[in-house]
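Student: Dropping a structure here in C-alpha cells format, bear with me for questions.
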Amino acid sequence: TRNLISHFVSRNQGQFVVISSVTGKYGTPFRSGYAASKHALHGFYDAVRAEYWKNNVKVTMVCPGVVKTPISFSALKGDGTKNNKMDDLQSKGMPVEKCADAIVRAVEAQREEVYIGGKEIILIYIKRFFPSVFSKIIRKVVVR
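For the numbering used here, add 25 to where a residue sits in the sequence shown, where the first one is 1.
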C-alpha cells in the first residue's frame, strides 16, 4: 500500500483489491487470530478509502465465505502442528472458480465491499441487525 499509494495519487486514479473474509465481518470460534487480522484489514482500508477518495483511489474489500481450497491442510492446530487434512466445512465450500469470477465482477464494478459465499453471508446481516441472535448462533458454529 505504501509503495502504490504515491503512484495512484500521481496518476489521480488507482484501485486496491483486498482479499479479506467474512471473518473480517464476524469472528468464529477457534479463529481469533485470523479474525483479528481480517478485522484489521477492514479498519486500515476503510481509512485509506476515506483519506484518498479525492485522489480517485478506490478500495474493493472482498469478503469470501467458505471456499474449497487446501488452506486447512496447512492450518495449525492448538499444539502448533499442521492440521494436514481438509476440514469438513472447507470441503463443502464454493469452488475456487466461482469465487474468482465474483471477485473479477466486483473489481470491474469498483464495488467498495463484496460478500461472496453461501449461507455464511447471512450471518453478516444477522450480526448487524440482530446482534444478540447472532451471538447465540455463532456459539454453535463448528469450524474445526
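Idealized CB from N, CA, C, for every residue including glycine.
I'd like the list of long-range same chain contacts for N108, defined as Cβ closer than 8 Å, with 5 residues on each side in sequence excluded.
Tutor: S97, F98, S99, A100, L101 and K102
Student: Return yes when the Cβ of Y140 is within less than 8 Å of the Cβ of I128, no when it is not.
Tutor: Pairing I128 with Y140 gives a Cβ-Cβ distance that is not under 8 Å.
Student: Leaving out the 5 sequence neighbours to the left and right, which residues in its chain are closer than 6 Å to F159 when beta-carbon positions are compared?
Tutor: Listed in chain order, the non-local C-beta contacts of F159 below 6 Å within the same chain comprise I151 and K152, local neighbours out to five positions each way being set aside.
Student: With distances taken between CB atoms, is the gap from V43 to T85 smaller than 8 Å?
Tutor: yes
Student: Go ahead and label A61 buried or exposed: buried means 16 or more other beta carbons lie within 10 angstroms of its beta carbon, across all protein chains shown.
Tutor: exposed
Student: Starting from the Cα of I147, find the closest Cα among D112, D104 and Y51 and give me that residue.
Tutor: Y51
Student: Relative to the C-alpha of G142, which residue among P120, A75, K161 and G68 is closest?
Tutor: Minimum Cα distance to G142 is reached at P120.
Student: When you compare only the Cα positions, how much space is there between V47 and E76?
Tutor: Approximately 24 Å between the Cα atoms of the pair.
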